[in-house]
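Trainee: Everything in the sequence shown is counted per my numbering, starting at 62 for the first residue and increasing by one.
Submitted below is the structure of interest, expressed as structure tokens.
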Amino acid sequence: MTHPTTLPLPRPRPARSRSTVRPWATVATIAALGFVAALTLLPRRFVAPLHELFLTWTDAHAQQLLAWFPQADTEQVLNAFLFAPLGAALALLFGRRLWPAAVLVCFGLSAAAEYAQMRIPGRVSDPHDIAWNTLGAAVGTAVVAVGYLLAAIARRVAAATRRAG
Numbered sequence: 062m063t064h065p066t067t068l069p070l071p072r073p074r075p076a077r078s079r080s081t082v083r084p085w086a087t088v089a090t091i092a093a094l095g096f097v098a099a100l101t102l103l104p105r106r107f108v109a110p111l112h113e114l115f116l117t118w119t120d121a122h123a124q125q126l127l128a129w130f131p132q133a134d135t136e137q138v139l140n141a142f143l144f145a146p147l148g149a150a151l152a153l154l155f156g157r158r159l160w161p162a163a164v165l166v167c168f169g170l171s172a173a174a175e176y177a178q179m180r181i182p183g184r185v186s187d188p189h190d191i192a193w194n195t196l197g198a199a200v201g202t203a204v205v206a207v208g209y210l211l212a213a214i215a216r217r218v219a220a221a222t223r224r225a226g
């Protein structure tokens, strides 16, 4: 009979780092940040073609979406659409515990962009844009949160199926 002190101890599993760098999330964040910076900080004459393309698409396809926001105009919805990918990319980059920080960072970036627009020729600063940009960032972050939730549910169902069968 072996003595209890001589039993082999289970090997500890290596801990997963909570600060794992996600290269794809970093690239997505840099791309989204560059796109937002270009569209919000370049003089209007440089971004006008893309702006017109969005307005044409919105007029043709997004009238039902605009119906959800009866007080909004196309410009405000454009602001929300602009910051949604940035909010999602930051949420992916920051990880689950810092999702609210993604929205706060987007709020700060939006406020900084609106402040900078006061000094850029052809740009008009509007405090309402900050609210719409932040709403877009919150929607992007929520999409990531729902994706994580669905993935967690799928993992639990798969684990329960493996244990049962």
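Idealized CB from N, CA, C, for every residue including glycine.
In this text, all values refer to a predicted model and were calculated from it rather than measured experimentally.
T202 and A152 - do their beta-carbons sit closer together than 7 Å?
Mentor: Their beta carbons are under 7 Å apart, which means A152 touches T202 by this criterion.
Trainee: For A86 and A192, I'd like the C-alpha separation in whole angstroms.
Mentor: Roughly 25 Å between the two C-alpha positions.
Trainee: Taking the CB atoms as reference points, tell me whether C167 and A198 lie closer together than 7 Å.
Mentor: In contact: C167 and A198 (Cβ atoms closer than 7 Å).
Trainee: Would you kindly work out how many angstroms separate the C-alpha atoms of A128 and R223, rounded to a whole number?
Mentor: Each residue's alpha carbon lies about 46 Å from the other.
Trainee: CB-CB under 7 Å to P182, same chain, minus the five flanking residues each way: which ones, in chain order?
Mentor: So the qualifying residues of the chain are P104.
Trainee: If V230 and A141 are in contact, beta carbons under 8 Å, what's the gap, nearest whole angstrom?
Mentor: Here the chain comprises residues numbered 62 to 226, so residue 230 is not present and cannot be evaluated.
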